[in-house]
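Since the structure comes first, as structure tokens, the remarks are kept for the end.
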Amino acid sequence: MNGKMDMVVFNVQSANCIWISTPNNKNFIFDIGTGTTDSGYEFNPLIYIYNQGVRTIHALVLTHPHSDHVVGIDKLGLFTIGTLYCARNISRDDILNGNIYGAASWVDRYLNLESGYRTPFTWNESPFNPGNNGGIRVQTFSQNTTAISNLNNRSVVSVVEYLGFKVLLPGDAEPAAFRVLMGDSLFLEALAGVNVMVVPHHG
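Take any residue in the sequence shown, note its place counting from 1, add 22, and you have its number in our numbering.
Spelled out as structure tokens, the structure:
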């Protein structure tokens, strides 16, 4: 173990993709959006991560099914994926209606992926167990009471903590989602003392 947590927040414009490498070389990916370079070429962070020698994503968190957070899905086949955490029970029609563009190109892949990761695992097996990832604690929170017409508010919100340093990864959660989550004492406890928030492009 190298004793540190490495975190890369990729510049994918209004999209989102974050890679965390743990002290014992476990890999967490939060969203899989792509971007465009200054010269006009598409940049896919998953290809970059693969080229760094990574072959296993131990935990993949897809915050919500908007194109700018999942459009890189066609490159997931490069990896073995340990587990998936995502917003559940959102229908194909709701996903299509909630996207302005591009969903038809990935929605079925997304739903097939989501349906393939429903087998529960024990805490001893979980990549969210700090004992399995070099001491990093990852907590995820979600709610399903806000209107499905705004998929941003169905975002999975994560808090990553290592050695007392906390990072908040909110997906694209907007105030309505946070108002619900703030009623959860476990979320309030996780939120206390957050050092860095990766701000969603909705502000």
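In this text, a Cβ means the ideal position worked out from N, Cα and C, and glycines have one as well.
In this text, all values refer to a predicted model and were calculated from it rather than measured experimentally.
On a CA-only basis, which of ASN66, PRO197, MET29 and GLN35 is nearest LYS48? Give me that one, please.
The shortest Cα separation from LYS48 among ASN66, PRO197, MET29 and GLN35 belongs to MET29.
Which of helix, strand or coil does DSSP assign to PHE50?
Correct three-state label for PHE50: strand.
Can you find the residues in the same chain that come closer than 8 Å, C-beta to C-beta, to VAL178, ignoring five residues on each side of it along the sequence?
Contacts found: VAL83, LEU84, THR85, HIS86, TYR107, CYS108, ALA109, THR162, PHE163, SER164 and GLY193.
What is the residue span of the alpha helix (DSSP H) that VAL129 lies within?
129-137 is the span of the alpha helix (DSSP H), which, as asked, contains VAL129.
My assumption, with CB atoms under 8 Å, is that THR168 sits in contact with VAL202. Please give the rounded CB distance.
With a Cβ gap of about 6 Å, THR168 and VAL202 count as contacting.
Report the rounded CA-to-CA distance for TYR72 versus GLY62, giving the unit in angstroms.
When rounded, the distance between both Cα atoms is 21 Å.
With a 10 Å radius around its C-beta and 16 neighbouring C-beta atoms as the bar for buried, classify PRO142 as buried or exposed.
It is exposed - the Cβ of PRO142 has fewer than 16 other Cβ atoms within 10 Å.
Could you spell out the range, first to last residue, of the alpha helix (DSSP H) harbouring SER180?
Run containing SER180: none in the alpha helix (DSSP H); it sits in the beta strand (DSSP E), 179-184.
According to the Cβ coordinates, are GLY104 and ALA81 closer than 8 Å?
In contact: GLY104 and ALA81 (Cβ atoms closer than 8 Å).
DSSP three-state call for TYR107: helix, strand or coil?
Strand at TYR107.
Quick check: what's the CA-CA separation for VAL181 versus LEU210?
Distance between the alpha carbons of VAL181 and LEU210 is about 11 Å.
Applying the 10 Å Cβ sphere with the 16-neighbour rule, what's the burial state of TRP128?
Buried: at least 16 other Cβ atoms inside 10 Å.
Comparing alpha-carbon positions, which option in HIS91, ASN166 and THR58 lies nearest ASN121?
Answer by Cα proximity: HIS91.
Would DSSP call ARG77 helix, strand or coil?
It is coil, neither helix nor strand.
For ILE54, tell me which candidate among LYS26, ASN46 and SER89 has the shortest Cα-Cα distance.
Measuring from the Cα of ILE54, the nearest candidate turns out to be SER89.
According to DSSP, is GLU227 part of a helix, a strand, or is it coil?
Residue 227 cannot be examined here, being either before or after the span of the chain that is shown, 23 to 225.
Do ARG77 and PHE50 have their C-beta atoms within less than 8 Å of each other?
Cβ atoms of ARG77 and PHE50: not closer than 8 Å.
For ILE42, which three-state DSSP category applies?
Note: ILE42 maps to strand in three-state DSSP.
Just the Cα atoms here: how many angstroms apart are TRP41 and PHE52?
The straight-line gap from Cα to Cα measures roughly 7 Å.
Using a Cβ-Cβ cutoff of less than 7 Å, which residues in the same chain neighbour ASN33 once the five nearest sequence positions on both sides are dropped?
Counting only Cβ-Cβ distances below 7 Å, and skipping sequence neighbours, we find GLY57.
Could you tell me which of ALA199, ASP115 and GLU136 sits nearest to LEU98, measuring between CA atoms?
Here the closest residue by C-alpha is GLU136.
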